[in-house]
Each structure stands twice: as C-alpha cells, then as structure tokens.
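Using mature numbering (1 follows the signal peptide of the UniProt record, and there is no 0), the letters of the sequence shown correspond one by one to residues -22 to -1, 1 to 299.
Comments concern the structure below.
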Amino acid sequence: MVKLLLPLLSLSLLLAACTTPAPPTPVKTVASVSVVGASTLKIGGPASLTATAKDSGGNALSGQTFTWTSSAPNVVSVDAGGTLTVKRLSATPVILSATDGDKVGTLSVTTYGLELTMGTFNSAPGSSDPKIGTAALVKFRAPGSATAINGSNAVQLSGPADVSDLKLQIGPVTGAQDYDWDASIQAAPVSGSYSAAVTVDGVNYTSSDTLNAASLLGGFQNGSFQLTGSTGYTLSGSFASGTTFFQPVLLDKVNSDAEPIFFDFKPIVSLPKSYSFSPAIPVSTYTPLIESFNQDYSSFAALTPEEFNLSVTVLPATSVN
C-alpha cells in the first residue's frame, strides 16, 4: 500500500502546484446613492423608501446595505429597512437620508393630515377650588393644492379615560389648514396613549399622542387686571415658567347672560403693561381670567410642541363705571 500511495501523493502535489489561483473579487465602488419615495406623506399612513447605489458607470449595485436617518425623527422617523412612521405636521421639509460608505442620497418630504396633541388643564390654581382637567389640540392640513376644508367635521377622541366632554372639529374654512382645541375639568387627566379620527371630504384621517398627566402649566402669579375705562386695561403680575402665550377674558358679574369678553391672544411680555381695545365694553363689574398657554396653538409655521398645557387663573374683580 505504501508503494501505491506515494505516486498518488506526488501527483496530487504536482496538480496543486500547477493550479492558477482564482482572481480576487472586484471591489464595488459606490459613486452615488439615490432615494425614491413619496414626497408628501399622510400622518398615520403607510410609507416606505427605496435606496439604490450606482457605480461610476451608472450601473445599479446589488447587495448594498444603507444607513437611514431623518432630520426630524419626531415628525417622520425611518427604520433600518426604510419603513417610515409619519407622526406630526411638518413646518419645514424633512430630509430623509440613505448612506452607503461616504455617499449619501436624500429625499425631501412634507406631511399632511390630522395631528393630535394632548395635555392638561390647570383650572383656578391658588384658589379655594382648584381643578385639574384634560386638554386636547388638533391641527389639520389638507393634501395637495386644496383651497378649502368643507363641512363641520367632528373629531372622535378616545383613550384610557373618558374624554367625550372634549368637543373638537375641523372645518369649514377657506384654506388648506385648520385647528381646534378644548379643555375640560370634567375629564380628569389619565396618562397614556390617545387617538383621534376625523373624516374630511370623504377621506379618513387618524393620529395619536401620549398624555402625561403629571405635566402641568402653572397659573398667572400675583396678578392684577385693572380696567382703565371702557377701552383699556393694565395687566400686572408674572407668568408661570413654560408660559409662552396668554389671553385675558372678562366674565360679567352683573349680567349672567352676557357672553364672555375675549381679548387678543398674545405672546407673553414684561409686566406691568397697558393695552387699549375696541369696541368699548359695557358699564359693569367683571371677573378677569388669565388663560395661559405653553404654545401658540394657532401656528402652522413652527412644529407643534408635543404637549398642549394650559391654565386659567381667576383675578380680583374690576369695573367700568
């Protein structure tokens, strides 16, 4: 057996020595990355992106792995496979990127649909009967080149607590955007996930948000609202931390059937400050309220903060003689 094996072994070694090594696999050089997907995205709707890497000759490369990122993941987030989660209304375009090595492809997107923001209502803080309730803000942007939102479209709100006391609607308005908010001490705040749904022009829209029941906006502090005749007032005091906008309201103490008087919704200022208004209000005695907000609920020019908190503080009475 030894004599038979040795020649076979020698032949095997000779064949191995004469075998030409396989050429190395060419390295694929990525020259560009492109991203394809819809440029307008519906909140809550399904959406995904596709990325393609190409070489310098414009040939698509297979088997590439991309790293996905979003410039505003709180508005539109993207997972490792390019699947999108559309969460909020965009104020400026969101840039979605796919990276392969040192090459990046991007897609600019905007969002539309229904946006829900939950929060708390701090009623009469510092009084003998303070209450804590729930607040909700909805904003809506129509798709495409819409110039009107038709009909009075009720928003259905649901969550871990009974929020049926909050009445919200979208439309009718001229233009492509609308908003509404409500707050109630009858709806005690319960932390958790809430959902909103509305049908506008035959299309269903949904949104969701998380309520943090422990997050409160403090009341107006050491406040005084003094009417200076029937066309002016002076406001003094200080706004609680987190307040960005406010609105004074007068309740007629003499005529209980009179409608509340709402003054302009304004950004906070240094106090004391005097204001004038028109038309003149009737001679009477009034209870002033200061509504404080943590955001400009009417704005579409900036991203909506992810909490909608407000407080209402009751101030000493004031009169027009």
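Ideal Cβ placement from N, Cα and C applies to all residues, glycine included.
Owing to the predicted nature of the structure, the values given are computational and were not obtained by experimental measurement.
- Contact check for S289 and L195: beta-carbon distance about 5 Å, within the 8 Å limit, so the pair qualifies.
- In this structure D107 is exposed. Its beta-carbon is surrounded by fewer than 16 other beta-carbon atoms within 10 angstroms.
- Boundaries of the beta strand (DSSP E) harbouring E93: K81 to S101, taken from the DSSP string.
- In this structure, the straight-line span from the alpha carbon of L213 to that of D160 is close to 25 Å.
- In this structure, N287 is the residue among N287, D179, I163 and G201 with its C-alpha nearest to the C-alpha of T95.
- According to DSSP, Y264 shares a beta bridge with D230 and T296.
- Sequence-distant Cβ neighbours of S216 in its own chain, meaning closer than 7 Å and more than five residues away, are Q199, N200 and L249.
- The region 85 to 94 and the region 114 to 129 touch, with no fewer than 3 CB-CB distances between them shorter than 8 Å.
- With fewer than 16 other Cβ atoms inside 10 Å of its own Cβ, K251 counts as exposed.
- S277 and D33 have their C-alpha atoms some 45 Å from each other.
- Burial state of N100 is buried, judged by a 10 Å Cβ sphere holding 16 or more other Cβ atoms.
- Distance from the CA of G79 to the CA of S10, rounded to the nearest whole angstrom, comes to 10 Å.
- Excluding its 5 nearest sequence neighbours in each direction, A165 has C-beta neighbours in its own chain below 7 Å: G111, T112, A139, D140, V141, D143 and L144, listed in chain order.
- The beta carbon of S256 sits closer than 7 Å to the beta carbons of T209 from its chain, once the five residues preceding and following it are set aside; these are given in chain order.
- In this structure, A114 is the residue among T70, A114 and S262 with its C-alpha nearest to the C-alpha of P167.
- A distance of 8 Å or more separates the beta carbons of V8 and L27.
- The way I'd put it, the region 218 to 225 does touch the region 234 to 244; three or more beta-carbon pairs between them come closer than 8 Å.
- Around the beta carbon of T291, a 10 Å sphere encloses 16 or more other beta carbons of the protein chains shown; the residue is thus reported as buried.
- Take G153, set aside five residues on each side of it, and the residues of its chain with a beta-carbon closer than 8 Å to its own are T125, A126 and I127, in chain order.
- About 6 Å separates the Cβ atoms of G137 and G170, confirming a contact at the 8 Å cut-off.
- Taking V72 as reference, the option from Y183, K65, V53 and V232 with the minimal CA-CA separation is V53.
- The residue from A218, S219, T265 and S254 with its alpha-carbon nearest to that of E237 is T265.
- In chain order, V72 and I73 place their CB closer than 7 Å to the CB of S49, counting only its own chain and leaving out the 5 sequence neighbours on each side.
- Closest in alpha carbon position to F44, among L229, D57, G36 and N37, is D57.
- For L67 against T282, the beta-carbon gap comes to about 7 Å, under 8 Å, which counts as contact.
- Measuring C-alpha to C-alpha distances from T188 to each of L205, K65, D179 and S254 identifies K65 as the nearest.
- Runs of the beta strand (DSSP E) spanning 3 or more residues and lying entirely within the region 34 to 62 occur at 45 to 48 and 54 to 56, in chain order.
- By alpha-carbon distance to I148, the top candidate from V298, Y172 and N182 is N182.
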